[in-house]
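Q: The listed protein sequences derive, respectively, from chains A and B. Whatever position you read off the first sequence (first residue = 1), add 1127 for this note's numbering. Whatever position you read off the second sequence (first residue = 1), add 12 for this note's numbering.
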Amino acid sequence: MLEENLVKAIGIGLCVFTILLVVYTIFFRPKSFLEDITARWLLLFGFVILSPLAYLLSFAMVFEDSKTVSFCNSCHVMESRVENLKNPDSEYLAAQHYQFRWIANNQCYHCHTDYNLFGGFRGKIAGFRHVWAYYVVGYELPLKIYGTYDNQICLYCHGPVRNYQELEEHQDYLKDLDLSKKSCLGSDCHIATHPKERKKSGL
Amino acid sequence: MFAGIFNIIGLLLVSFSLFKVTPITIILSTGVGGLLIGMAVLLYLKVVIQDLRKQKIL
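#1: Could you check the C-alpha separation between residue 1178/A and residue 1291/A for me, to the nearest Å?
#2: Within 9 Å of any Cβ in chain A, is that where the Cβ of residue 33/B sits?
#3: For residue 1239/A, verify whether its CB is less than 8 Å away from any heavy atom of the ligand ATP.
#4: What residue range does the alpha helix (DSSP H) around residue 1268/A cover?
#5: DSSP puts residue 1183/A in a beta bridge; with which residues?
#6: Is the CB of residue 1287/A under 9 Å away from at least one CB in chain B?
#7: Closer than 8 Å, Cβ to any Cβ of chain B: which residues of the segment 1173-1188 of chain A, in chain order?
#8: Is it true that the CB of residue 1266/A sits closer than 9 Å to the CB of residue 1196/A?
#9: Please state whether the Cβ-Cβ distance between residue 27/B and residue 1138/A is less than 9 Å.
#10: Does residue 24/B come within less than 9 Å of chain A when only Cβ atoms are used?
#11: Using DSSP bridges, identify the partner residues of residue 1147/A.
#12: Report, in whole angstroms, the separation of the C-beta atoms of residue 1182/A and residue 46/B, which I expect to be a contact under 8 Å.
#13: Can the beta-carbon of residue 1211/A be found less than 9 Å from the beta-carbon of residue 1222/A?
#14: Could you check how far apart the C-beta atoms of residue 1167/A and residue 53/B are, in whole angstroms? I think they sit under 8 Å.
#15: Which chain B residues sit within Cβ distance under 7 Å of residue 1170/A?
#16: Pairs of beta-carbons, one from the segment 14-27 of chain B and one from the segment 1139-1157 of chain A, closer than 8 Å: are there three or more?
Spelled out as structure tokens, the structure:
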């Protein structure tokens, strides 16, 4: 947390410094920058080195921040789900994972992103789809996941656990579970991850 | 001049997302902010190259 705040402070400091440098060079130096070789170098430094550096730093920081539960909760439609995550009486699977810290942090991100090379990238693309739906084309409640939930996300943690491997029900459906042909939820297996919202559409 | 203005607006958008991270601020900073910063560099280079050509250095 301290490290994150430090990087954020450096990013903000870099932006402020670059803005001041550009404002000073363009508006407060006596000669036009075309006639002033120092101004040219200052602008080159500001435009080509400092600005991209500030951009890259901010890019890395905001993408890291976009994994947090509070970020997911910044869209109104997620409020009921996050409320349920924190409700001590909730028995839903996501709430259990959150409250018992079976996943230490960034719980939404961990369960909604594949654990493979392009998992994070695909997660970001899905995120942009969510933003598009939330602000532009609208969405319908109850929310539905795009396609089928990939059981490998669950199995990444639970797969190697002895309890999982030894349970007879898991043995019976091992292949189907592995290929996500059978869901871990429903039937007589595990309870739902989130409570269902009432049916309506929104924008 | 335009390069400077683009760069300042771009950096303001970039720094805004560091204060408040929401989907909109992320899109504004990484998309619009990045575009403005990139345009500022291109405009600066254009002006410098034009000037060097005028002076017959290039």
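Idealized CB from N, CA, C, for every residue including glycine. All of these numbers come straight from a predicted model, not from anything done at the bench.
A: Taking the structure as given:
#1: Cα to Cα, residue 1178/A sits roughly 51 Å from residue 1291/A.
#2: yes
#3: As far as ligands go, the structure on display features none, and thus does not contain the ligand ATP.
#4: Note, residue 1268/A: premise wrong, no alpha helix (DSSP H); beta strand (DSSP E) at 1266-1268.
#5: DSSP lists no partner for residue 1183/A.
#6: no
#7: 1173, 1174, 1175, 1178, 1179, 1181, 1182, 1185, 1186, 1188
#8: No; because the gap between Cβ atoms is not below 9 Å, this pair is not in contact.
#9: yes
#10: yes
#11: In the DSSP assignment, residue 1147/A forms no beta bridge with any residue.
#12: 6 Å
#13: In this structure, residue 1222/A lies closer than 9 Å to residue 1211/A by Cβ.
#14: With 8 Å as the limit, residue 1167/A and residue 53/B do not qualify as a contact, their Cβ atoms being about 14 Å apart.
#15: 56
#16: Judged by Cβ distances under 8 Å, the segment 14-27 of chain B makes contact with the segment 1139-1157 of chain A, as three or more pairs qualify.
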